[in-house]
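Line by line, the protein sequences give chains Y and P.
If you read the first sequence in my numbering, its first letter stands for residue 362, the second for the next number, and so on.
If you read the second sequence in my numbering, its first letter stands for residue 2, the second for the next number, and so on.
To start, the structure itself, in C-alpha cells.
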Amino acid sequence: MELSDSELVKQCQAGEMSAFQELASRYYQKVYMVSLGLLRNRDDALEVAQEAFFRAYRKINSFQGGSSFYTWIYRIAVNISIDTQRRQKRNPLDFRESMDGVLEAQNEVARDPFADVHDRELREKLTKAINELTPEHKAVIVLRTIEGMSYKDIGEILGCSEGTVMSRLHYARKKLQDKLSVFL
Amino acid sequence: MTNCETIRESIGGWLDGELSPGESDSVRAHVANCAACGEVRRQLEKLHLALKDQLSAEAAGIEFLPFWRDVQQRINQKQAWHEELLDWCRDFFTAPRIAWSVPAVIALVLAAFSLDVYLPGWRFGGARNNFAAVESIDAHGRSVALLRENESKTTVIWLYQDQEGENEAAEDATKSGPAF
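If you want it as C-alpha cells, here you go:
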C-alpha cells in the first residue's frame, strides 16, 4: 500500500532517508516545472529544484504538517526561483544567457514531429510573453497551470490572500492573451 | 462597465472552479449566449493547455535517479560555516520578525534614553559634559534669554533690553511722549 505524504514526512523526521527519496520522486517533476515556469531556463530550473529538495531535507524536522508537503516544497522552490530571478536581473549578462537557453530549449521541444509550425510559434511567443510578466504574476499562472492548484493553496505558497491570487491571475492572463491573441 | 467586461473578469475564476455556484451559473449562461465572451473562454483554455504542454514536455525529460544523486550529494556535503550562518539568518529573520523588530528597536532606544529620568546617576553613552544651554529670543529690542543647566536641573530666565533697542525706545519716547 502506498504511504501518504504525511506518513512519509514522519518517517523522514525519524531519520529515514528512503522516505525522503520517495517524496522527492513524487514531486521532483512538478517542482522542476514550477522553477522552469518562473525562470525559463532548464539549467537554472534544475539547480533550483535540487536546491529546494536539499533545503526541505535540512528543515524537515521543523515541518509541522500545518500545510501539505507539496505546498511546502513548492513554496521553497518559488522563493529560490524568485531570488534567482532577481539576482539575474541585477546581472544583465546572466539574464541574456538565460534567454538564449530558453529559445534553444523551445527549438528542441518543437522538433516533435506532431507539433506544427503554428504551435511552435505559439510556444516561442508564450515563452517571451511569460518572461515579460513580474515574478509574482508568473508564479500564480505557473502554479495554477501545473497542478490546477486552488487559489487557497497558491495564496498559502505565495503568502497572499485568495483575492490577490485571483486578481493577479486575471491580470497575468489578460496580458498573455493580449500578446498572443494572434496565435490563440 | 458593460456586462461583457464584468463577465470576462470572472471567466478565469469560473474555469478554475473558484466562483460560487450562483456566480458560476451566471457566467456559464452568459458565455453560452455571447460569441465574444465564448472566444475569450476558448483563448484562456488554449493558453492554459499550451503552457501546461510546454512545461510537461520539458519535465518529462528529467530522469529521477541523476536528479536524486545530485540532491543526495548536497545533503552529504558538509556546509561551510558561512552557508550555515546564512541559513540560520534566513530562518531567523522571517518577514513577521523583521516587521516586529522595527518598533521593538525604537522602544529599546527610547527606553535607553529615558533611563536618565529614572536613574539620575546613570549616564547613557558615558559621562556627559556639564554644559549649560543658552537660548535667546530677540523681538522689538526686548530680549529673553533662557539658561538651562542639566546637572542641577536649573533654568534661569533673563529679560533684558539691548543697547540698540534702548536707544530706539528712548527716541520713540521723546517723539511720542510717555507710553504709560
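Just so you know, even glycine gets a beta-carbon here, dropped at the ideal spot from N, CA and C.
**Request:** Determine the direct distance from the alpha carbon of P/D26 to that of Y/I502, and round the result to whole angstroms.
**Result:** 24 angstroms
**Prompt:** Between which two residues does the alpha helix (DSSP H) carrying P/S57 extend?
**Reply:** A36 to A61
**Asked** Under 9 angstroms Cβ-Cβ, which residues of chain P neighbour Y/I434?
**Response** Correct list: empty, because the minimum Cβ distance to chain P is about 12 angstroms.
**Request:** List the residues of chain Y whose Cβ lies closer than 9 angstroms to the Cβ of P/G14, in chain order.
**Result:** Y512, M527, L530 and H531
**Message:** Quick check: the Cα distance between P/L66 and Y/S396, rounded to an integer number of angstroms?
**Reply:** 19 angstroms
**Message:** When you compare the CB of P/F94 with every CB in chain Y, is at least one pair closer than 9 angstroms?
**Reply:** no
**Asked** Should Y/F414 and Y/A385 be called a contact, given that it needs their Cβ atoms to be closer than 9 angstroms?
**Response** yes
**Same chain, Cβ closer than 6 angstroms to Y/L494, neighbours up to 5 away in sequence not counted** = A533
**C-alpha distance - P/Y161 paired with P/L116, whole-angstrom precision** = 37 angstroms
**Prompt:** Is it buried or exposed for P/L109, if we count other Cβ within 10 angstroms and need 16 for buried?
**Reply:** exposed
**Prompt:** Do you know offhand how far Y/G398's Cα is from Y/E485's?
**Reply:** 13 angstroms
**Request:** Flag this pair as touching only if the stretch 522 to 541 of chain Y and the stretch 39 to 55 of chain P have three or more C-beta atom pairs under 8 angstroms; answer yes or no.
**Result:** yes
**Message:** Among Y/S442, Y/V526 and Y/K391, whose alpha-carbon lies nearest the alpha-carbon of P/S57?
**Reply:** Y/K391
**Prompt:** My guess is that Y/Q423 and Y/D366 are in contact by the Cβ rule of under 8 angstroms, so how many angstroms apart are they, rounded?
**Reply:** Reading off the sequence shown, one finds Ser at residue 423 of chain Y, where the question assumed Gln. About 16 angstroms; that fails the 8 angstroms criterion.
**Prompt:** Does the beta carbon of Y/D404 sit closer than 9 angstroms to a beta carbon anywhere in chain P?
**Reply:** no
**Prompt:** Can you list, in chain order, the residues of the stretch 63 to 85 of chain P whose Cβ is nearer than 7 angstroms to any Cβ on chain Y?
**Reply:** I63, F65, F68, W69, D71, V72, R75 and I76
**Prompt:** Under a Cβ-count criterion, where at least 16 other Cβ atoms within 10 Å of its own Cβ denotes burial, should Y/S442 be classed as buried or exposed?
**Reply:** buried
**Prompt:** What does P/D26 reach in chain Y if we use C-beta pairs closer than 9 angstroms?
**Reply:** Within 9 angstroms Cβ-Cβ: nothing; P/D26 doesn't reach chain Y, min ~18 angstroms.
**Request:** Please compile the residues from chain P whose C-beta is within a distance smaller than 8 angstroms of the C-beta of Y/Y431.
**Result:** Within 8 angstroms Cβ-Cβ: nothing; Y/Y431 doesn't reach chain P, min ~15 angstroms.
**Item:** C-alpha distance - Y/Y512 paired with P/I8, whole-angstrom precision
**Value:** 19 angstroms
**Request:** Taking only beta carbons into account, state which residues of the stretch 374 to 389 of chain Y come closer than 7 angstroms to chain P, listed in chain order.
**Result:** Q382, A385, S386 and Y389
**Message:** Once DSSP output is grouped into helix, strand and coil, what is the label at Y/R457?
**Reply:** Residue confidence for Y/R457 is low, a pLDDT of 41 falling below 50, so the modelled location carries little weight; the figure read from the coordinates is stated next. Helix at Y/R457.
**Request:** For P/S57, decide whether its Cβ has a neighbour in chain Y, counting only Cβ atoms nearer than 9 angstroms.
**Result:** yes
**Request:** Check whether the Cβ of P/V41 lies closer than 9 angstroms to any Cβ atom in chain Y.
**Result:** yes
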